[in-house]
Amino acid sequence: MLAFFTPQSGGSPNANQIDSLYKVELVIALVIFVAVEGGLLYALIRFRARKGAVAAQIRGNTRLEVGWTVGAALILVALAVLTFAKLSSIEDPPNSGAEGLQLASGGGAQLASIERKLPPNAKSLNIHVIGRQYIWQYVYPGASEPDGLGAPYSYEQMVVPTDTTVTLDIQAVDVVHSWWIPELGGKFQAVPGYHNYTWFKISKPGLYRGQCALLCGRGHARMIATVKAVPPAEFEAWLAQQKQLLSEADAQAKAAREKLKAQTGAAQVENP
Ligand SMILES: [Cu+2]
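Under the numbering used here, the very last position in the sequence shown is 276; numbers go up by exactly one each time.
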């Protein structure tokens, strides 16, 4: 029942921390709600009077007024302290586990910055998440050329290794989209010309579902996303196969271009 009112979690430590912070604050809010509404009901019943009765005229009560002002301020301070105490475990990625993918330091040559958080040992699997109307693209490390081209990619479904810290570099190429897999943490906007960063670390294999969380056009409803977590060995095999398939498709496209060029003359194949 409570789960219906609280954030989804269970996929990644940051989502679990968001969920537990939410629950603590919800309980505090419930206690205050019950106290305030209880006091109101008590006053309504205890001091009810028949028509025509003259109400007592009370003007000011300094102690009471100072009391509820200071009390409310203290509640806000407590909520703020609690939130800031939890924030680092939500924002800062931990190291990968022992069972995770073996990563080179700085995997993908990314550097930490104020926005981009890296694990303490600076090793993460960095995946670019690119929003476009109306599909998510994921670009994995492993570019075959120095300019970053030739990196393996996939659409709609992201495949990741378990027990491995995955950092995301979120971008958009057309309009603003929003990346959100609720069980894996908070929502992040994908904004053209800007990068947003988040992370997750999945302990057990499974499928995590989400979808673009910002109305981005008429195809928005179909802009779904899944994250499939598999054991590291399976991930490596999948990535190698993905690379293979992409290079085969590239070779086929190249052959088709050559054929077209031969048939029509190079000048007419400017934008194949
Ligand atoms: Cu979208």
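Even glycine gets a Cβ: it sits at the ideal position worked out from N, Cα and C.
What you are looking at is a predicted structure, and each value in this text was computed from that prediction instead of being measured.
For P236, the uninterrupted alpha helix (DSSP H) run begins and ends at 236-268, by DSSP. Two segments are said to touch when three or more pairs of C-beta atoms, one from each, lie closer than 8 Å; by this definition the region 168-185 touches the region 211-221. Around the beta carbon of F239, a 10 Å sphere encloses 16 or more other beta carbons of the protein chains shown; the residue is thus reported as buried.
Spanning the alpha carbons of K90 and S24 requires a straight line of approximately 9 Å. Counting the other CB atoms within 10 Å of its CB gives Y144 a total of 16 or more, which places it among the buried residues. By the beta-carbon neighbour count (other beta carbons within 10 angstroms, threshold 16), E187 is buried.
In this structure, the C-beta of M162 stays at least 7 Å away from each heavy atom of ligand 1.
Using a cutoff of 7 Å, the CB of G43 does not count as near ligand 1, since none of the ligand's heavy atoms is closer than that. Within the region 182-237, complete beta strand (DSSP E) segments of at least 3 residues are found at 192-194, 200-205, 210-215, 228-234, given in chain order. Under the three-state reduction of DSSP, T66 is assigned to helix.
DSSP lists Y142 as the beta-bridge partner residues of S158. Remark: the shortest separation between the CB of L86 and any heavy atom of ligand 1 does not fall under 7 Å.
Residue pairing by DSSP leaves R50 without any beta bridge partner.
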